[in-house]
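Enquirer: In our numbering, the protein residues as written are 11 to 309.
Note that the Cβ used here is the ideal one computed from N, Cα and C, for glycine as well.
Structure in structure tokens, see below.
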């Protein structure tokens with residue numbers, strides 16, 4: 011009797027495991043079916059683009075009269091201007107039909123909107139990572155536009171290398187910047203204690219693990235101060251930084267003449283900007299000055 015119960019328990023266990031394997035097999039089968047369908051559509055030249063409009067989502071024929079490279083880029087100092095530029099992903103999805111705005115140096119802009127509305131697409135087009143399907147973009151020459159992401163890149167090398175990236179020490183010295191200047195940048199982001207903790211600028215470490223999330227974000231801002239571009243795109247890059255430190259960093263950017271495009275949901279940042287660009291995720295946008303009548307939103 012005891013052996014029968016043991017065998018029964020083993021059989022039930024195998025049945026449970028078989029059920030799990032069948033669930034996994036069903037998932038793999040569904041994915042393979044999707045892949046086969048996509049490959050079939052590609053072979054037959056079938057593709058339907060989607061366009062987001064004010065009235066919702068509607069299908070757009072593949073004959074949409076736009077092609078990658080149809081737009082024009084003009085390089086000019088102290089201005090970023092979009093003139094009837096469509097925000098279109100590389101696979102043809104249209105997020106905004108025609109985006110137009112103009113930002114001069116000294117006009118900080120807060121970019122806001124729900125996820126998927128086109129905020130990142132705007133900056134990918136600005137950074138020439140995505141093709142321009144139409145209109146005209148006026149922007150500073152390369153090297154005068156800087157991007158600071160939420161999770162900054164930490165390079166292999168010394169503590170100094172983290173601040174001056176992608177420059178080398180030789181390029182830093184040729185630029186007329188010294189370690190004393192770098193220390194000042196760390197003071198600006200209230201990170202001078204790291205220099206003592208890590209025993210100097212020449213210390214080599216795995217900085218991704220050594221530095222906390224907030225410290226990495228402040229290193230990225232010190233990197234911005236070192237390069238001093240005309241314009242900087244700050245993409246949630248102070249989300250792990252306290253409000254008071256964040257405010258002092260924004261004030262220093264204004265002091266040294268760095269004009270900011272900020273993507274953030276923090277209400278505390280509205281006071282550091284003159285304009286806001288809001289996208290609603292349905293193809294509409296508004297670009298307006300921030301004044302006492304502006305309703306601030308965020309957390």
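#1: Please state the DSSP three-state secondary structure of residue 110.
#2: Under three-state DSSP, which class holds residue 212?
#3: What are the start and end residues of the alpha helix (DSSP H) that includes residue 193?
#4: Quick check: what's the CA-CA separation for residue 298 versus residue 44?
#5: To which residues of the same chain is residue 253 closer than 7 angstroms at the C-beta, ignoring the five residues directly before and after it?
#6: Measuring CB to CB, does residue 242 end up less than 7 angstroms from residue 196?
#7: Grab me the residues of residue 116's own chain with a C-beta within less than 7 angstroms of its C-beta, minus the 5 sequence neighbours each way, in chain order.
#8: Could you name the residues of the same chain whose beta carbon sits closer than 8 angstroms to that of residue 240, not counting the 5 residues immediately before and after it, in chain order?
#9: Can you confirm whether the segment 176 to 184 touches the segment 122 to 141 when touching is taken to mean that 3 or more C-beta pairs between the two stretches lie within less than 8 angstroms?
#10: Would DSSP call residue 82 helix, strand or coil?
#11: Should the segment 216 to 226 be regarded as contacting the segment 186 to 195, the criterion being three or more beta carbon pairs within less than 8 angstroms?
#12: Please give the ranges of any beta strand (DSSP E) in the segment 212 to 291, keeping only runs that are unbroken, at least 3 residues long and fully inside the region.
#13: Starting from residue 133 and walking both ways along the beta strand (DSSP E), at which residues does that stretch end?
#14: Since residue 4 and residue 143 should fall inside the 8 angstroms C-beta cutoff, what is the C-beta to C-beta distance between them, to a whole number of angstroms?
#15: Name the two residues that bound the continuous beta strand (DSSP E) containing residue 300.
#16: Please state the DSSP three-state secondary structure of residue 185.
#17: Just verifying my parser: in three-state terms, what is the DSSP assignment at residue 87?
#18: Where does residue 36 land, buried or exposed, given buried means 16+ other C-beta within 10 angstroms?
#19: On the three-state DSSP scale, how would you describe residue 35?
#20: What does DSSP give as the partner residues of residue 143 in its beta bridges?
#21: What are the boundary residues of the alpha helix (DSSP H) that residue 157 is part of?
#22: Just reading off the alpha helix (DSSP H) that residue 201 is part of, what are its end residues?
#23: Got a sec, what are the start and stop residues for the alpha helix (DSSP H) residue 169 sits in?
#24: From which residue to which residue does the beta strand (DSSP E) around residue 120 run?
#25: When you compare only the Cα positions, how much space is there between residue 152 and residue 33?
#26: Do residue 148 and residue 91 have their CB atoms nearer than 7 angstroms?
#27: Spell out the partners DSSP gives residue 103 in its beta bridges.
#28: Opposite residue 97 in the DSSP bridges: which residues?
#29: For a test of the three-state rule: what should DSSP assign to residue 20, helix, strand or coil?
Expert: Based on what the coordinates show:
#1: Note: residue 110 maps to strand in three-state DSSP.
#2: coil
#3: Per DSSP, the unbroken alpha helix (DSSP H) holding residue 193 starts and ends at 189 to 198.
#4: 44 angstroms
#5: Only 278 meet the Cβ criterion.
#6: The answer is no: Cβ separation not under 7 angstroms.
#7: 269
#8: 87, 88, 115, 150, 154, 155, 267, 268 and 269
#9: no
#10: strand
#11: Contact between the segment 216 to 226 and the segment 186 to 195 is absent, because fewer than three Cβ pairs lie under 8 angstroms.
#12: 241 to 245, 269 to 273 and 285 to 289
#13: From DSSP, residue 133 is part of no beta strand (DSSP E) but of the alpha helix (DSSP H) over 129 to 136.
#14: This structure leaves residue 4 out entirely; the chain is present only between 11 and 309.
#15: Segment: none, residue 300 is in no beta strand (DSSP E) and carries neither H nor E.
#16: coil
#17: Coil.
#18: exposed
#19: helix
#20: For residue 143, which the question treats as bridged, DSSP gives no partner whatsoever.
#21: Run containing residue 157: none in the alpha helix (DSSP H); it sits in the beta strand (DSSP E), 155 to 158.
#22: Premise fails: residue 201 is in no alpha helix (DSSP H) and is neither H nor E.
#23: 169 to 174
#24: 119 to 122
#25: 51 angstroms
#26: yes
#27: Bridge partners of residue 103 according to DSSP: none are assigned.
#28: 106
#29: Helix.
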